[in-house]
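Note that our numbering has the sequence shown beginning at 3, numbered continuously upward. Where a beta carbon is used, it is the ideal one built from N, C-alpha and C, also for glycine. For reference, the structure discussed in these notes is given below.
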Amino acid sequence: MPRPTSAAATTAATKTWYWSTTPRQQRHHEVDDTIDTVNATLTSSLAAGGNEDGATVTYTVTLDNAPTTEETFTFDVNGEQQTITVAANELTGSTNFTFNDPDVFLDDNVISAPTNFSGSDNSGYEDLVLVNNATSHEVDDTIDTVNATLTSSLVAGGNEDGATVTYTVTLDNAPTTEETFTFDVNGEQQTITVAANELTGSTNFTFNDPDVFLDDNVISAPTNFSGSDNSGYEDLVLVNNATSHEVDDTIDTVNATLTSSLAAGGNEDGATVTYTVTLDNAPTTEETFTFDVNGEQQTITVAANELTGSTNFTFNDPDVFLDDNVISAPTNFSGSDNRLRRPGTGQQRHVPRSR
């Protein structure tokens, strides 16, 4: 069709045509995005019935609006990183943290409040706000018993002149710091130290009681057993399994020696002999010795804590005949050996002899 020469209409016989020189325009409009906040809230819950031997905390992240794709959240508990995933189109995700710290000490068992809470925001939230509402949780301490057992052992070969008993304290669990234990043996306090991280400690007790008496030499069973508990055991129980120990008595000889002395100047009209008993060791109680002279019994007493005792025998046989005037040697010499215990020990043993 021929181009019109103006904006006027070109008329045909059956149709009118119009031509516009003004172009037609299309337009778009940007709409402001409102900034809506979505909270990702972290909470925690301690499962009932747990203790230091095993406790569980469940951590949950809850979103106000479900993500369009998977979101990952991380945080730290007791120095360990934890991870929670919230799936696309879900509002929550959870994970469990297990606490396990069995021990024998009184301590604070705490699952710390989460730190370093962060999220991925893969969905492109307008304003994702991380809210950490999780708390710390205290875990019950189980009470475990630790025995501190005292035992004793007599070293072979000892006797009253020297005997040794070794005392040992054994712990079921090693202490975290030095522990001191005390007890009494024969009235004397003994001390055992168990070093940190060790299970045992020992000490020696030396018995020495040389004497000439038959007695019971006993190292008594320990008494007043006590311990320091510096480490703070949950339940420290002192068990005294140490016993008394009998120590062999050495057999020492004590001579009771009878001697005689004729007084000068005597004759058949009157003569005196002094008889004396001498002990190597003084008795603890009075001792009596007897012997016969010329058919007559004589008696000598040695007092307690003395070494000697004496008696006099008088001879008298005046006559006008030439004869042998003899005071016979003593016979049948014997001693009492009263076997009365001296303080703390026992009896004396005599071996009578005359000369």
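| Item | Value |
| --- | --- |
| DSSP state of Ser336 mapped onto helix, strand, coil | strand |
| Close Cβ partners of Val133 (< 8 Å) along its chain, the five nearest in sequence each way excluded | Asn41, Ala42, Thr43 and Leu44 |
| Own chain, CB closer than 6 Å to Thr182, minus 5 neighbours either side, in chain order | Thr195 and Ser230 |
| Length of the line joining the Cα atoms of Ser312 and Asn257 | 16 Å |
| Inter-residue spacing [alpha-carbon to alpha-carbon] between Glu190 and Phe227 | 12 Å |
| Whether Asn124 touches Glu92 by CB criterion (7 Å) | no |
| Sub-7 Å separation of Asn175 and Val106 beta-carbons | yes |
| Unbroken beta strand (DSSP E) run spanning Ile194, endpoints | Glu190 to Val196 |
| His31 (DSSP reduced to helix, strand or coil) | coil |
| Nearest residue (CA-CA) to Thr170, options Phe207, Thr179, Ile145 and Asn135 | Phe207 |
| Coil, strand or helix - Gly268 by DSSP | coil |
| Own chain, CB closer than 8 Å to Asp35, minus 5 neighbours either side, in chain order | Glu128 |
| Burial state of Gly272 (16 or more Cβ within 10 Å) | exposed |
| Contact between the region 272-283 and the region 297-313 (3+ Cβ pairs under 8 Å) | yes |
| Rounded separation between Asp55 and Leu156 - CA only | 42 Å |
| Beta-carbon gap between Thr147 and Val88 smaller than 7 Å | no |
| DSSP bridge partner residues for Ser120 (one or two, in chain order) | Thr76 |
| Minimum C-alpha distance to Asp142 - residue among Pro69, Asp319, Gly159 and Asp103 | Asp103 |
| Residue environment, Pro320, which counts as buried when at least 16 other CB atoms sit within 10 Å | exposed |
| Option in Pro177, Asn243, Val249 and Ser154 with minimal Cα separation from Asn210 | Val249 |
| Reference Thr97, options Leu260, Thr85 and Val214, closest by Cα | Thr85 |
| Exposure of Leu130, with buried meaning 16 or more beta-carbon neighbours within 10 Å | buried |
| 7 Å Cβ cutoff met for Thr252 and Glu162 | yes |
| Distance between beta carbons of Asn188 and Ser154, contact taken as under 8 Å | Not really, about 12 Å apart at Cβ, beyond 8 Å. |
| Residue burial classification, Pro332 (beta-carbon count within 10 angstroms, cutoff 16) | buried |
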